[in-house]
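Our numbering runs 10 ahead of the 1-based position in the sequence shown.
Below you'll find the structure, written out as C-alpha cells, and then a few comments.
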Amino acid sequence: MAKGKINKATPPANRLWGGRFTSGPAEAMARINASIGFDQRLWRQDIAASRAHCRMLIRQKIIPARDGKAILRGLDAVWKEIEGGRFHFRAALEDIHMNVEDRLTTLIGDAGGRLHTARSRNDQVATDFRLWVRDAIDGIEARLRDLQATLIARAREHAATVMPGFTHMQTAQPVTFGHHLLAYVEMFGRDRGRFADARARMNECPLGAAALAGTSFPIDRRMTARDLGFDRPMANSLDAVSDRDFALEFLAAAAIAAGHLSRLAEEMVIFSTERFGFVRLSDAFSTGSSIMPQKRNPDGAELVRAKTGRVIGALIALAVVMKGLPLAYSKDMQEDKEPVFEAADTFALTLEVMTGMVADMSVDAKAMRAAADGAYATATDLADWLVRAGGLTFRQAHHVAGRIVKLAEDRGVRLDAVPLADMQAIEPGIGAEVFKVLGAERSAASRTSEGGTAPRRVRAAIAAAEKRFLAKPGRRGRGKARARR
Ligand code: ARG
C-alpha cells in the first residue's frame with residue numbers, strides 16, 4: 011500500500027473534468043465520491059496500463075512521439091514517487107487515475123494531457139482492476155499450494171495414525187489422520203481450480219473500450235492487451251466497462267475456499283480441546299487467558315473461522331451492488347474495490363495462519379488411537395464380518411452387531427473385551443476369528459477400496475497428490491507474463 015497522505019482540501023473545480031463546473035463539490039459529496047483512500051492500491055496497475063496505452067498511442071501516431079516519451083518518463087517519475095512514499099495523494103482528485111494523471115501533468119507540462127486520448131477512466135479502472143485481481147489470484151494460488159504442501163507433509167507422517175472418523179460428530183469408523191488431512195488437500199485443490207478458471211476467464215483486456223462506445227482514434231487494442239499480459243481484448247466495449255463478474259468470480263472462489271479453511275479451523279478447535287486431545291497447537295499459534303492461568307486458547311483457529319464471514323460478506327456486498335445496474339458504467343461500480351481488497355487481504359492472512367498452525371501442531375497419536383478403540387468404531391467391521399464369515403444378510407448382521415455393542419456398553423467395556431461365549435449367546439455362528447476385525451487399526455487397514463482410508467491407499471494418495479498439486483507448473487497454463495513495468 012502506498013504511503014503518502016491524502017489532502018482533504020477541495021479546490022474550486024476539478025482541473026481534469028471541471029470545465030463546465032463553476033463550483034466544487036459539497037464537502038460530503040467530495041467524501042462520498044472519492045475513492046483514493048482505497049484505490050491508491052491500484053497504482054502499479056494504473057501506471058502499467060498507462061504505459062501500455064501510451065506506447066500504443068505513439069506507435070499508432072495518435073500522439074507525437076516526443077510527447078509520448080515525455081509521458082513515459084513522467085510515469086516513471088510518478089512510479090518512483092509513489093514507491094518511495096513521497097507521493098501526495100489528494101482526495102480532491104477523487105481516484106488513483108486522476109491523481110497519477112494530475113501529477114504527471116505537473117511534472118511534464120501540457121504533454122501529460124495527451125495521455126488520456128482515446129481512453130476513459132471507465133476502461134482504465136476496469137483494466138487496472140483486472141490486473142490487480144489477476145495478481146491477487148496468483149498470490150492466493152501460491153498460498154493455497156503452500157497449505158496443501160504442509161497438509162501433505164503432515165499426512166505423510168500420519169498415513170497410518172488411526173483415529174475415529176465421525177459422522178454427525180459421533181464416532182463412526184476408524185480412519186487415519188493422514189486420510190483426514192488429505193480430504194482438505196482435495197478441497198483446496200478444487201479451490202485452486204476455481205481461482206485458475208476465474209483467472210483464465212478474466213484475462214481479457216477492457217482497455218480501448220473508452221467510456222462505453224469505443225473510440226474514433228485508430229487504436230490497436232491487441233497491442234495493449236498483449237503488452238499487459240492479457241490473452242485478447244474484450245469483444246464488446248459496453249460489456250468491457252460495465253461488468254465486474256471477474257471480481258465476483260474471484261470473491262466466489264474465495265468464499266468457497268474460506269469456507270473450507272473455516273471447517274479445518276473448526277476441527278482444530280475441537281481436536282485441541284482437552285476432551286479430544288488429538289492435537290496440541292504450538293505456543294506460536296495459541297494464546298493465554300488473562301484470568302485463567304491454565305488456558306491455551308486456539309484463538310488463531312477461531313479467528314480463521316470467524317474471518318470467513320468477511321470473505322463471504324464481500325461476495326454478497328458486491329453481488330448486491332451489481333444486480334440491477336443498467337449498462338454501461340455507473341459509479342456504483344466504484345464500490346467493487348473495497349470488498350475485493352478486504353476479501354483478498356483477509357483470505358491471504360487466514361491461509362498463512364492456517365499453514366503455520368498445521369505445520370506446527372503436535373499430534374497425539376495415542377489419544378487418537380485410544381478414542382478409535384474405545385467408542386465401538388469397529389461395529390461396522392463386526393457386521394461386515396458376520397456377513398462374510400457367518401453368511402448373514404447385512405440387515406441381520408447389523409442387528410446382531412447392535413446387540414453386541416449394547417452388551418459391551420452395558421458392561422462399560424470395549425467391543426473386543428466382550429467374551430466370545432457372550433457373543434455366541436447372541437449369534438452361535440461367531441468364532442474366535444472375530445477378534446481380528448474388532449481392532450481399530452485392522453479396521454482402517456481393511457478399507458482398501460479406491461479413495462479409502464487404508465494406510466497403503468493413503469500413501470499412494472500422497473504420492474498422487476504431490477504430482478497433481480505440487481509439481482512445478484509447466485510453461486503453459488499458469489503464470490502468464492505479469493503486467494510489464
Ligand atoms: N473511481 C472510479 C471507479 O472506481 C473510476 C471511474 C470513474 N468514471 C467515471 N465516469 N466517473 O469506478
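Idealized CB from N, CA, C, for every residue including glycine.
All values derive from a computational prediction rather than experimental measurement.
Query                                                                                                                                                              : Result
Could you give the residue range of the beta strand (DSSP E) that holds Q180?                                                                                      : Q180 to T186
Could you tell me the boundaries of the alpha helix (DSSP H) in which T116 lies?                                                                                   : I106 to I118
Which residues mark the beginning and the end of the beta strand (DSSP E) in which T177 is found?                                                                  : V172 to T177
Leaving out five residues before and five after A294 in sequence, what residues of the same chain have Cβ atoms less than 8 Å from its Cβ?                         : G366 and D370
To the nearest angstrom, report how far apart F286 and E362 are at their CA atoms.                                                                                 : 25 Å
Decide if the region 266 to 274 is in contact with the region 169 to 185; the criterion is three or more beta carbon pairs, one per stretch, under 8 Å apart.      : no
CB-CB under 8 Å to V397, same chain, minus the five flanking residues each way: which ones, in chain order?                                                        : T403, F404 and A407
Confirm the yes/no value for this check: CB of M39, any heavy atom of ligand 1, distance under 6 Å.                                                                : no
When the Cα atoms are used, what is the spatial distance from A62 to A44?                                                                                          : 26 Å
Thinking C-alpha only, which one of T186, G441, W27 and K90 is nearest R4?                                                                                         : As shown, the chain starts at 11 and ends at 495. That puts residue 4 outside it, with no answer to give.
Out of curiosity, what's the CA-to-CA distance linking D241 and E214?                                                                                              : 6 Å
Is V289 helix, strand or coil by DSSP?                                                                                                                             : strand
My understanding is that L192 touches L248, with C-beta atoms under 8 Å, so please give their C-beta distance in whole angstroms.                                  : Their Cβ separation, rounded to whole angstroms, is 46 Å, which puts L192 and L248 out of contact at 8 Å.
Tell me which residue opens and which closes the alpha helix (DSSP H) that R413 is part of.                                                                        : F404 to R421
Spell out a yes or no on whether the region 209 to 228 and the region 112 to 131 are touching, meaning 3 or more CB-CB pairs, one atom from each, closer than 8 Å. : yes
Can you say whether P184 is buried or exposed, counting buried as having 16 or more other CB atoms within 10 angstroms of its CB?                                  : buried
Identify the continuous alpha helix (DSSP H) that holds D426 and give its terminal residues.                                                                       : Unbroken run through D426: none, as it is neither H nor E.
Would DSSP call P349 helix, strand or coil?                                                                                                                        : helix
How would you label M332, buried or exposed, when you count the other beta carbons within 10 angstroms and need 16 or more for buried?                             : buried
If G400 and G449 are in contact, beta carbons under 8 Å, what's the gap, nearest whole angstrom?                                                                   : Not quite, the Cβ-Cβ distance comes to about 19 Å (not below 8 Å), so this is no contact.
From the DSSP output, in three-state form, read off D236 for me.                                                                                                   : Residue 236 is actually Arg in this sequence, not Asp. It is helical.
Whole angstroms is fine: what's the gap from A427's alpha carbon to A474's?                                                                                        : 39 Å
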